[in-house]
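Visitor: Below you'll find the structure I mean.
In full-length UniProt numbering, the protein residues as written are 1 to 114.
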């Protein structure tokens, strides 16, 4: 009877070891899957980092283009102000001219514009 109890205990221990071995194998499989997932995640992050660097470069170029456009707008506004001042002076000069001089100036202006 002692021998049978010892056999039972040995079988119980072996069965328990088999279950633990299976659990260890499952853990190894799970760890391998997690490692594969981590590799894919790292690749995805690297892709996003490259994309982000590209976006930062694009944003820098856009900011430079906006600054350039603002400078051109300022230059245009300054030129427009000078043109308006010049036109005002011409109108003042025309107001002081005789009708014959006005016609002559008008012809000259039409030629320069046309």
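Every residue, glycine too, gets a C-beta built ideally from N, C-alpha and C.
What residue from 102, 80, 29 has the CA that sits closest to residue 90's CA?
Guide: Comparing Cα positions, the closest option is 102.
Visitor: Do the CB positions of residue 96 and residue 105 come within less than 8 Å of each other?
Guide: No, the Cβ-Cβ distance between residue 96 and residue 105 is not below 8 Å.
Visitor: Counting along the chain, where does the alpha helix (DSSP H) carrying residue 1 start and finish?
Guide: First-last for residue 1: undefined, no H or E at that position.
Visitor: Roughly how many angstroms lie between the CA atoms of residue 26 and residue 55, to the nearest whole one?
Guide: Distance between the alpha carbons of residue 26 and residue 55: 43 Å.
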